[in-house]
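Enquirer: Here the sequence shown stands for residues 209 to 795, numbered as in the working numbering.
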Amino acid sequence: MTHPTGRPDAAAPATALRAPAPGWATEADVVVVGSGVAGLTVALRCAAAGAKVTVVTKARLDDGSTRWAQGGIAAALGEGDTPEQHLDDTLVAGAGLCDERAVRTLVTEGPDAVRRLIATGARFDADDGTGEILLTREGGHHRRRIAHAGGDATGAEISRALVEAVRTAGIDTVENALVLDLLKDGSGRAAGVTLHVMGEGQRDGVGAVRAGAVVLATGGMGQIFSATTNPAVSTGDGVALALRAGAEVSDLEFVQFHPTVLWLGPEAEGQQPLVSEAVRGEGGHLVDADGVRFMQGRHELAELAPRDIVAKGITRRMQERGAEHMYLDARHFGARMWERRFPTILAACRAHGIDPVTEPIPVAPAAHYASGGVRTDLRGRTTVPGLYACGEVACTGVHGANRLASNSLLEGLVFAERIAEDITAAEGPARPAATAEQPYTGAPGAPGEAPLLASEARYEIQHIMTHGAGVLRSAESLARAADRLESVHDAAAAQLRRDGKTAEPGVETWEATNLHLVARVLVAAALRREETRGCHWREDRPARDDAAWRRHLLVTLRPDGALDVRSTDSEAFPPPTTPRTETESRP
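Structure below.
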């Protein structure tokens with residue numbers, strides 16, 4: 209199988225997580241890591257084509273980020289709407305950095321992909337009389353094109369349908385398993401993964417799944433910040449694995465902060481309840497403590513402007529008023545609409561002592577979605593042969609500098625189908641080689657092997673990133689974050705050199721180490737991009753600079769642990785190869 213975006217001399221894993229040697233192994237044609245809409249769609253399509261598939265997921269099959277998606281899935285399904293209009297809205301939201309080829313693929317293949325999802329068993333809300341799918345609007349959309357299910361439980365319904373289909377198809381699954389590193393054969397091609405199963409049974413502890421094609425669908429990295437809408441499992445494992453395997457990542461500085469997350473107090477940490485954009489799509493208003501609608505006049509779409517603009521508007525108003533949050537007022541919906549259209553949000557608010565029927569909801573931005581990730585071509589192929597990525601872990605070029613609301617589920621669906629088609633092409637996936645190389649798993653202190661970070665480093669990393677690389681960024685805050693991340697690593701490295709000891713291998717130390725690597729990349733890219741664009745807001749560089757920065761940043765991890773940060777020559781994404789323009793030393 210040809211690989212147009214990868215370099216044939218792809219390096220062996222630059223580093224590897226310290227872990228015991230695999231105690232068990234199994235084989236498949238395809239191993240899919242992740243069980244959201246992207247991962248399960250790949251698995252179902254590959255299995256239907258006759259491939260032997262193993263799905264590896266960090267918790268249960270239905271515990272990924274897809275389950276938490278409230279708003280819906282965007283596609284030009286309504287009367288008068290067209291893929292071209294959907295494309296235009298996506299390009300505007302992406303602030304000049306979308307790959308138009310990727311967006312056109314998304315919007316033209318999207319409607320039929322949604323219909324196939326319905327055929328798989330997903331049930332979307334429909335008009336009782338006509339049976340037509342009900343559509344709503346969200347930020348950045350000029351048309352009603354968001355299909356939803358259960359009012360505000362779209363992700364849960366999609367997850368239910370796909371999980372049921374996977375189980376019906378008898379696809380092999382490994383639940384409660386954290387993926388560790390990529391296996392490669394002697395030519396540098398992906399040949400499977402190592403993983404750790406958290407439990408007891410036939411497959412427990414560290415093992416390996418050998419496969420001719422590896423698909424990363426591991427979701428996001430929201431846990432890199434103190435407050436996020438992402439579940440606890442979203443620790444950037446897929447991006448970290450890809451970096452260690454020598455793959456390129458792109459645009460990681462573009463982390464979208466959802467404008468309306470339920471504010472639970474200044475000390476709240478971890479996953480926070482999301483208040484869907486669809487509440488604003490149905491007519492909810494953003495107001496300050498005096499009831500003033502502050503988004504009016506800031507953008508033609510007011511509360512329905514793209515998410516980066518609304519998040520900035522809320523943050524600016526908070527600064528102006530010296531407030532910790534703003535309010536989302538939808539009291540005019542009435543009890544019946546809240547109960548029918550937004551039952552999940554209503555229950556979450558009431559569980560925290562807030563009744564949206566009678567009072568405004570306190571909201572503030574929180575980390576929500578990574579627009580960047582492991583860079584791929586239009587078939588989901590990464591720069592490592594045999595390694596694919598789709599969903600939030602990938603950077604297809606669709607989202608540019610800021611994801612358009614409800615394009616995420618559609619991206620996962622469309623590009624998952626493309627990956628499955630590529631893998632199951634006539635020549636089929638390459639079989640894993642009998643001599644597949646494994647990442648180093650020897651004794652601590654081996655040359656070139658990085659230390660594991662203690663589990664408590666997770667909270668330090670989150671604090672560093674929230675204060676240095678959150679909604680508001682500057683050269684000063686980012687440099688301070690880089691220095692503090694360097695200190696976290698240096699303390700662990702010094703202990704390794706001095707005592708030959710590092711943190712004990714385990715889920716919490718592997719996650720902390722993954723978060724640290726992803727944090728380094730994000731900060732390096734954010735420091736390099738000296739402008740404000742999309743959801744990357746530099747206070748010291750408040751203007752968008754198309755002449756210098758309408759281009760993408762590509763990052764790879766060198767075997768010595770340093771980061772190579774380089775830019776493309778234009779907004780074209782992704783070019784097959786790019787000249788190296790800068791090396792950023794290890795923090």
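Where a beta carbon is used, it is the ideal one built from N, C-alpha and C, also for glycine.
What would DSSP say about G653, mapped onto helix, strand or coil?
Expert: Its pLDDT being 36, under 50, G653 is placed unreliably in this model, and the coordinates cannot settle the point.
Enquirer: Express the C-alpha separation of L470 and V483 in angstroms, rounding to a whole number.
Expert: Cα-Cα distance, rounded: 6 Å.
Enquirer: From the DSSP output, in three-state form, read off M534 for me.
Expert: Strand, per DSSP.
Enquirer: Helix, strand or coil for C603? Go by DSSP, reduced to three states.
Expert: Strand at C603.
Enquirer: Curious, which full-length beta strand (DSSP E) runs of at least 3 residues does the segment 418 to 464 contain?
Expert: Whole beta strand (DSSP E) segments, 3+ residues: zero.
Enquirer: Whole alpha helix (DSSP H) runs in the segment 565 to 599 with 4 or more residues, listed along the chain?
Expert: Qualifying alpha helix (DSSP H) stretches: none in this window.
Enquirer: Out of A236, G473, V423 and G430, point me to the one whose CA is closest to L449's CA.
Expert: Of the listed residues, the one whose Cα sits closest to L449 is V423.
Enquirer: At what residue ranges does the segment 476 to 541 contain a whole run of the beta strand (DSSP E), taking only runs of 3 or more?
Expert: Those beta strand (DSSP E) runs which fall completely within the segment 476 to 541 and span 3+ residues are 493 to 495 and 534 to 537.
Enquirer: What's the gap between the Cα of E664 and the Cα of V622?
Expert: In a straight line, the C-alpha of E664 is about 38 Å away from that of V622.
Enquirer: So what does DSSP say about G348, is it helix, strand or coil?
Expert: G348 falls in the coil class under three-state DSSP.
Enquirer: Helix, strand or coil: how does DSSP classify A751 here?
Expert: Three-state DSSP puts A751 in coil, outside helix and strand.
Enquirer: Report yes if the CB atom of A259 is closer than 8 Å to the CB atom of R353, and no otherwise.
Expert: It is not a contact, given that the beta carbons lie outside the stated cut-off.
Enquirer: Compute the beta-carbon to beta-carbon distance between V263 and T381, rounded to the nearest angstrom, for a pair I have assumed lies under 8 Å.
Expert: Confirmed, about 5 Å.
Enquirer: The alpha helix (DSSP H) spanning E716 covers which residue range?
Expert: Where E716 is concerned, the enclosing alpha helix (DSSP H) stretches over V715 to R736.
Enquirer: How far does the alpha helix (DSSP H) with G318 in it reach, from first residue to last?
Expert: Run containing G318: E308 to T328, per the alpha helix (DSSP H) assignment.
Enquirer: For D333, which of P319, V441, A727 and T362 has the nearest alpha-carbon?
Expert: Closest by alpha carbon: T362.
Enquirer: Does the separation of the CB atoms of L285 and L343 fall below 8 Å?
Expert: Cβ atoms of L285 and L343: closer than 8 Å.
Enquirer: What did DSSP end up calling V796 once you bin it into helix, strand or coil?
Expert: Only positions 209 to 795 of the chain appear in this structure, which leaves residue 796 out of reach.
Enquirer: Helix, strand or coil for E235? Go by DSSP, reduced to three states.
Expert: Note: E235 maps to strand in three-state DSSP.
Enquirer: The alpha helix (DSSP H) that contains V371, what's its start and end?
Expert: V371 -> alpha helix (DSSP H) spans T362 to A377.
Enquirer: Secondary structure at A385, three-state DSSP: helix, strand or coil?
Expert: A385 falls in the strand class under three-state DSSP.
Enquirer: Relative to the C-alpha of T435, which residue among A385, Q278, A574 and V696 is closest?
Expert: Contrary to the premise, residue 435 reads as Ala rather than Thr in this sequence. Cα-wise, what sits closest to A435 is A574.
Enquirer: For the beta strand (DSSP E) that S695 lies in, which residues bound it at each end?
Expert: Per DSSP, S695 belongs to no beta strand (DSSP E); it is in the alpha helix (DSSP H), A683 to D707.
Enquirer: So, H724 versus L765, is the Cβ gap smaller than 8 Å?
Expert: No; because the gap between Cβ atoms is not below 8 Å, this pair is not in contact.
Enquirer: Quick check: the Cα distance between A755 and L386, rounded to an integer number of angstroms?
Expert: When rounded, the distance between both Cα atoms is 42 Å.
Enquirer: Do A628 and V250 have their CB atoms nearer than 8 Å?
Expert: Yes, the pair counts as a contact, with Cβ atoms nearer than the cut-off.
Enquirer: Should Y648 go down as buried or exposed, given a rule of 16 or more other Cβ atoms within 10 Å for buried?
Expert: Any reading at Y648 needs caution, since the residue's pLDDT is 37, under 50, leaving its predicted position unreliable; the model's value is listed next. Answer is buried; the Cβ neighbour count reaches 16.
Enquirer: Given a threshold of 16 other Cβ atoms within 10 Å of its Cβ, counted over all protein chains shown, does A236 qualify as buried or as exposed?
Expert: By the neighbour-count rule (16 or more Cβ atoms within 10 Å), A236 is buried.
Enquirer: For the candidate residues V487, L761 and R544, whose alpha-carbon lies nearest to that of P568?
Expert: Ranking V487, L761 and R544 by Cα distance to P568 puts V487 first.
Enquirer: Can you give the Cα-Cα distance for M526 and A497, rounded to whole angstroms?
Expert: Computed Cα separation, rounded: 10 Å.
Enquirer: Once the 5 residues before and after G377 are set aside, which same chain residues still bring their CB inside 7 Å of it?
Expert: It should be noted that the sequence gives Ala, not Gly, for residue 377. Taken in chain order, the residues that qualify are L252 and A255.
Enquirer: Just verifying my parser: in three-state terms, what is the DSSP assignment at P474?
Expert: Residue state, collapsed to three classes: coil.
Enquirer: Leaving out the 5 sequence neighbours to the left and right, which residues in its chain are closer than 7 Å to R411 when beta-carbon positions are compared?
Expert: Correct list, in chain order: W232, V382 and V405.
Enquirer: Given a cut-off of 8 Å on the beta-carbon distance, is the pair R583 and V447 in contact?
Expert: Not closer than 8 Å, so no.
Enquirer: Determine whether the beta carbon atoms of L248 and V371 lie at a separation below 8 Å.
Expert: Yes; because the gap between Cβ atoms is below 8 Å, this pair is in contact.
Enquirer: On the DSSP letters alone, give me the boundaries of the beta strand (DSSP E) that S775 sits inside.
Expert: Looking at the DSSP string, the run of the beta strand (DSSP E) that includes S775 is L771 to S775.
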